[in-house]
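Asks: Supplied in structure tokens, the structure appears directly below.
4 protein chains.
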Amino acid sequence: MTGTREQAIFEAGIKLGALYHQFVGTPISPETAPSLETAIRESIALQPFVREVRVGIDRAMKINEFGYSELKGTMITADVVTKVQKSCCHARLWKKGEYPMMEIIRCYEEP
Amino acid sequence: MTGTREQAIFEAGIKLGALYHQFVGTPISPETAPSLETAIRESIALQPFVREVRVGIDRAMKINEFGYSELKGTMITADVVTKVQKSCCHARLWKKGEYPMMEIIRCYEEP
Amino acid sequence: MTGTREQAIFEAGIKLGALYHQFVGTPISPETAPSLETAIRESIALQPFVREVRVGIDRAMKINEFGYSELKGTMITADVVTKVQKSCCHARLWKKGEYPMMEIIRCYEEP
Amino acid sequence: MTGTREQAIFEAGIKLGALYHQFVGTPISPETAPSLETAIRESIALQPFVREVRVGIDRAMKINEFGYSELKGTMITADVVTKVQKSCCHARLWKKGEYPMMEIIRCYEEP
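Protein chains in written order, with the working numbering: chain A, 1 to 111; chain B, 1001 to 1111; chain C, 2001 to 2111; chain D, 3001 to 3111.
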């Protein structure tokens, strides 16, 4: 049997996988990073069981000869908190070395 | 030989194809449509030879039991104007019947 | 603290979210469904902690006037089994009513 | 006015933009490159006015610590030939220096 704690963890994984593969490849520059962060945050926040999303895109990106870059997984820091009944899961996407790592930060109960 | 007119047309096609396949599938609601429109517009405007982009997402979307929808091609109206030297091409993505149609609106010269 | 069971669940969620948002929007027909199923299966199987993936695309798709369709979440049935040390999680994407549902099928230990 | 030659060019642009933004981000390894090439080729070939598609993915990819890579634009060589009535356009995506370049190779008439 899986309980609400496990479901919250599962949902957190879904959201990070979705976020990554929906938006990687998007043309981006330091100037447009804020609008893309907002769009990512608001779109993921719509999905079931999402309690909070924070998204940051690294402005220190390598710009090509045409003046822009492309969103890569390692440029994203994203925190997602899911909630299934009282069970919450806080998970994160971040750049660990050269790899875009997804991991569970903390699971907890909330009234 | 292809000239600047042909290149402007080619670039307009690229932008519409890119826009469509980058963002289709994004979770969306009438409330988040403005932020996604902004992010799409700003990201496509970064690409080479883009002079102007306008993007509209139809708010009359079918909402699922969880209170949101998902971006489909037929929900998008997008106008892209590309410019290669003096040659401009205005092309559009819009819903024609049930199909998301991409077409050239007008090619013209501009000083 | 989260253990291997929770990590297997988290990884299963990531894979289903990734699969969905990477491939939704792909042009498809009943004839090309096999090659897309293979590509999806092989690409997801590369990701960390994946033990098994099965992917099916519903051939009963609505074809447009140009003779093809576009991959939607509700057309996909995908089973993913992740394994973190001895802990396995079997999760699934399937069409529940009109919604593409992702859920945990079973968690178990394996030598 | 735009004729069949211009339409063929426009369609070629659409296909390359679509191909790029649909598949960039897909997990890949040298072993799975053939199945992804097939899926890309077959999916793009379904789209209107496509006469021929060839897709190659560079096997000399940088593998991460988990044994795979992720599809980037610069790893793809794609040739698309579109045909609108008698007008054909051959266009290409290829790696020019560090940038994934899309360009028209040749436009010609065919009976």
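Cβ coordinates follow ideal geometry from the N, Cα and C atoms, glycine included.
#1: Residues of chain B with CB under 7 Å from residue 36 (chain A), in chain order?
#2: Work out the CA separation of residue 19 (chain A) and residue 78 (chain A) for me, nearest whole Å.
#3: Could you please give me the residues that DSSP links to residue 81 (chain A) through a beta bridge?
#4: Anything in the region 13-35 of chain A with a Cβ closer than 7 Å to a Cβ of chain B? List those residues in chain order, please.
#5: What is the DSSP secondary structure of residue 29 (chain A), reduced to helix, strand or coil?
#6: Do residue 24 (chain A) and residue 67 (chain A) come within 9 Å of each other at the CB atom, strictly closer than that value?
#7: Would you mind telling me which residues of chain B sit closer than 7 Å to residue 2065 (chain C), beta carbon to beta carbon, in chain order?
#8: Please state whether the Cβ-Cβ distance between residue 3087 (chain D) and residue 2027 (chain C) is less than 9 Å.
#9: DSSP state of residue 3095 (chain D), grouped into three classes?
#10: Whole angstroms is fine: what's the gap from residue 61 (chain A)'s alpha carbon to residue 2065 (chain C)'s?
#11: Using the Cα positions of residue 35 (chain A) and residue 58 (chain A), report the straight-line distance between them to the nearest angstrom.
#12: Quick one: which chain A residues come within Cβ less than 8 Å of residue 2076 (chain C)?
#13: Quick check on residue 3106 (chain D): does DSSP put it in helix, strand or coil?
#14: So that I know if they touch, is there some Cβ in chain A lying closer than 9 Å to that of residue 2002 (chain C)?
#15: Would you identify the three-state DSSP class for residue 111 (chain A), choosing helix, strand or coil?
#16: For residue 3101 (chain D), which residues does DSSP report across the bridge?
#17: On the three-state DSSP scale, how would you describe residue 3037 (chain D)?
#18: Answer with buried or exposed for residue 3015 (chain D), where buried requires no fewer than 16 other C-beta atoms within 10 angstroms of its C-beta.
#19: Using only the heavy atoms of the ligand SAH, determine whether one of them is closer than 8 Å to the beta carbon of residue 2035 (chain C).
#20: According to DSSP, is residue 57 (chain A) helix, strand or coil?
#21: Run down chain A in chain order and give the residues with a C-beta less than 9 Å from the C-beta of residue 1046 (chain B).
#22: Under a Cβ-count criterion, where at least 16 other Cβ atoms within 10 Å of its own Cβ denotes burial, should residue 2097 (chain C) be classed as buried or exposed?
#23: Mind checking residue 22 (chain A): buried by the 16 CB within 10 Å criterion, or exposed?
Replies: Looking at the coordinates:
#1: 1039 and 1043
#2: 9 Å
#3: A:52 and A:90
#4: 22, 25, 26, 27, 28, 29, 32 and 35
#5: coil
#6: no
#7: 1099
#8: no
#9: strand
#10: 43 Å
#11: 13 Å
#12: Going along chain A, no residue has its Cβ under 8 Å from residue 2076 (chain C), so there is no contact; the nearest lies around 14 Å.
#13: strand
#14: yes
#15: coil
#16: D:3094
#17: helix
#18: buried
#19: With respect to the ligand SAH, the structure shown offers nothing to examine, as it has no ligands at all.
#20: strand
#21: 27, 28, 29, 31, 32, 66, 67, 68 and 69
#22: exposed
#23: buried
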